[in-house]
DNA sequence: ATCAGCGTTAGCCTAAAGGACAATGGCAGG
DNA sequence: CCTGCCATTGTCCTTTAGGCTAACGCTGAT
């Protein structure tokens with residue numbers, strides 16, 4: 001079944017179309033073999049256990065278990081697992097999480113065929129792969145301070161259009177605290193008001209719609 | 001080449017992976033034939049002219065020429081053209097534009113294989129196809145007042161974090177006017193402040209990131 | 001044990017936002 | 001012709017936001 005020298009792959013994405021596109025792309029290489037597919041994070045962990053692929057391509061945003069959570073679960077069990085995260089590019093916030101959780105690579109879904117193949121080979125060899133712009137943004141934003149969990153919590157409520165008072169009420173503290181958090185958020189994001197903070201946060205992938 | 005009874009398709013998407021996924025999905029049906037692909041709106045118009053497909057699957061958001069623009073261009077030249085728009089679901093604002101421009105269908109990219117096939121058959125027969133939830137939202141928001149072009153212009157600046165005064169300066173009117181527009185926007189969107197307006201507008205697809 | 005970062009509370013002050021209401025000119029549709 | 005919608009400019013008033021500064025208890029790292 002699996003010939004020596006083959007790279008055995010697990011493809012994880014909740015969109016059927018994307019999954020099929022990836023598989024179709026990979027099939028054109030004789031040394032690639034897609035041994036399994038999964039459509040959510042939980043399934044990804046199971047499939048990984050069953051098939052022990054050489055490399056796993058995994059979407060970051062998925063129902064049930066997010067890509068980063070699945071990645072963490074897999075690497076807790078198989079520390080040597082090599083996983084390349086896929087994203088439609090929501091921002092660079094996910095990158096930190098993904099790399100922190102032990103991702104070996106990070107690709108945008110508008111990736112060209114050659115780049116995908118190269119990345120997989122690179123990661124299979126034990127290396128890492130980050131696209132041009134992503135690696136650049138990583139170092140850029142590494143100097144810019146990152147938000148604390150609490151600040152993110154506040155930011156999400158800000159994005160919903162809540163006032164400081166309403167935020168305070170939801171999170172059970174005074175509006176002074178809400179103001180303090182918002183002030184810190186504005187400064188860290190380098191914006192002047194909460195509206196700018198929301199769009200900036202969305203561009204960076206810190207908060208999302210819904 | 002093309003057997004009678006075949007449905008000839010044009011697939012348009014700027015993402016290689018999605019394009020390949022769609023083609024792979026469609027290939028499994030014997031009566032479907034993908035006669036051409038395009039990776040942007042301008043190319044889509046050319047390909048349509050060359051191949052005159054029975055049905056065109058087209059992404060809404062693309063570089064060069066957006067899906068809606070390409071759709072309009074195609075239908076200006078070929079009024080009988082049947083086009084199904086694809087989206088990752090940014091909101092329902094695009095739906096109105098797409099349907100107004102003469103789209104025969106509207107599909108989310110997380111579409112199941114069967115639904116895609118059904119939609120194509122339906123549209124090929126001269127019918128229309130809208131997914132469950134989309135058709136519902138169409139009637140919902142048809143009663144909610146829509147923003148005027150000027151208001152959208154203001155809203156985009158609001159989303160950038162500009163103050164009323166700054167908006168007034170950019171659009172060359174007084175801050176009274178800016179306030180008036182913002183007030184109308186808040187009321188039409190059913191929110192209480194500009195921050196809520198931004199997220200609401202993004203959910204509806206009225207404004208976008210970048 | 002000290003220090004830094006975090007979360008929390010608090011004051012004061014100016015600028016901005018938002019609600020309510022009113023009025024003008026322009027322009028398209030009935 | 002006139003009515004309605006749009007864009008524009010106002011006023012008055014209340015609430016909110018945001019800048020600046022300062023504190024306190026807590027936790028984790030050095």
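Residue numbers (this note's numbering), protein chains in the order written: chain A, 1 to 210; chain B, 1 to 210.
C-beta: ideal position from N, C-alpha, C; glycine also.
Please read these numbers as outputs of a predicted model, since none were measured by experiment.
Distance, Cα to Cα, residue i vs residue j?
| i | j | result |
| --- | --- | --- |
| residue 208 (chain A) | residue 129 (chain A) | 26 Å |
| residue 37 (chain B) | residue 183 (chain B) | 45 Å |
| residue 145 (chain B) | residue 139 (chain A) | 45 Å |
| residue 174 (chain B) | residue 186 (chain A) | 27 Å |
| residue 71 (chain B) | residue 198 (chain B) | 28 Å |
| residue 61 (chain B) | residue 86 (chain A) | 19 Å |
| residue 68 (chain A) | residue 109 (chain B) | 22 Å |
| residue 135 (chain A) | residue 94 (chain B) | 33 Å |
| residue 104 (chain A) | residue 118 (chain A) | 13 Å |
| residue 161 (chain B) | residue 151 (chain A) | 19 Å |
| residue 4 (chain A) | residue 53 (chain B) | 44 Å |
| residue 153 (chain B) | residue 32 (chain B) | 43 Å |
| residue 23 (chain A) | residue 24 (chain B) | 9 Å |
| residue 63 (chain B) | residue 127 (chain A) | 33 Å |
| residue 49 (chain A) | residue 195 (chain B) | 45 Å |
| residue 121 (chain B) | residue 39 (chain B) | 23 Å |
| residue 102 (chain A) | residue 148 (chain A) | 21 Å |
| residue 111 (chain A) | residue 15 (chain B) | 8 Å |
| residue 96 (chain A) | residue 47 (chain A) | 25 Å |
| residue 17 (chain B) | residue 88 (chain B) | 14 Å |
| residue 181 (chain B) | residue 21 (chain B) | 44 Å |
| residue 78 (chain A) | residue 131 (chain B) | 41 Å |
| residue 210 (chain A) | residue 133 (chain A) | 28 Å |
| residue 100 (chain A) | residue 100 (chain B) | 46 Å |
How would you list, in chain order, the residues of chain B whose beta-carbon sits under 9 Å from the beta-carbon of residue i?
| i | result |
| --- | --- |
| residue 194 (chain A) | 161, 193, 194 and 195 |
| residue 88 (chain A) | 15 and 88 |
Within a Cβ cutoff of 8 Å, which residues of the same chain sit near residue i, ignoring the five residues on either side of it in sequence?
| i | result |
| --- | --- |
| residue 157 (chain A) | 166, 167, 170 and 171 |
| residue 51 (chain A) | 8, 10, 35 and 36 |
| residue 27 (chain A) | 34 |
Less than 7 Å between C-beta atoms, sequence neighbours within five positions excluded: which residues of the same chain meet that for residue i?
| i | result |
| --- | --- |
| residue 176 (chain A) | none |
| residue 6 (chain A) | 31 and 33 |
Out of the options, which one is the CA nearest neighbour of residue i?
| i | options | result |
| --- | --- | --- |
| residue 116 (chain A) | A:83, A:42 and A:14 | A:83 |
| residue 114 (chain B) | B:29, B:5 and B:18 | B:29 |
| residue 159 (chain B) | B:119, B:203, B:124 and B:127 | B:203 |
| residue 124 (chain B) | B:56, B:21, B:131 and B:23 | B:56 |
| residue 98 (chain B) | B:75, B:194 and B:17 | B:75 |
| residue 193 (chain A) | B:79, B:164, B:180 and B:80 | B:164 |
| residue 106 (chain B) | B:78, B:27, B:137 and B:26 | B:137 |
So for residue i, helix, strand or coil by DSSP?
| i | result |
| --- | --- |
| residue 95 (chain B) | helix |
| residue 74 (chain B) | helix |
| residue 16 (chain A) | helix |
| residue 168 (chain B) | helix |
| residue 103 (chain B) | coil |
| residue 180 (chain A) | helix |
| residue 61 (chain A) | coil |
| residue 38 (chain B) | strand |
| residue 11 (chain B) | strand |
| residue 174 (chain B) | coil |
| residue 86 (chain A) | strand |
| residue 33 (chain A) | strand |
| residue 162 (chain A) | coil |
| residue 138 (chain B) | helix |
| residue 108 (chain B) | strand |
| residue 55 (chain B) | strand |
Run down chain B in chain order and give the residues with a C-beta less than 8 Å from the C-beta of residue i.
| i | result |
| --- | --- |
| residue 110 (chain A) | 14, 15, 16 and 17 |
| residue 113 (chain A) | 16 |
Note down, in chain order, each residue of its chain lying with its Cβ closer than 6 Å to the Cβ of residue i, except the 5 sequence neighbours on either side.
| i | result |
| --- | --- |
| residue 201 (chain B) | 155 and 207 |
| residue 73 (chain A) | 45 |
| residue 191 (chain A) | 197 and 200 |
| residue 65 (chain A) | 41 and 42 |
| residue 13 (chain B) | 19 and 59 |
| residue 189 (chain A) | 197 and 200 |
| residue 178 (chain B) | 164, 167 and 168 |
| residue 81 (chain A) | 74 and 75 |
Name the chain B residues whose beta carbon is nearer than 7 Å to that of residue i?
| i | result |
| --- | --- |
| residue 203 (chain A) | 209 |
| residue 20 (chain A) | 21, 24 and 25 |
| residue 158 (chain A) | 195 |
| residue 198 (chain A) | 195, 198 and 199 |
Under 7 Å between beta-carbons, which chain A residues line up against residue i? List them in chain order, please.
| i | result |
| --- | --- |
| residue 44 (chain B) | None at all; the shortest Cβ gap to chain A is about 17 Å. |
For residue i, verify whether its CB is less than 8 Å away from any heavy atom of the ligand HEM.
| i | result |
| --- | --- |
| residue 66 (chain B) | Of ligands this structure carries none, so the ligand HEM is not represented either. |
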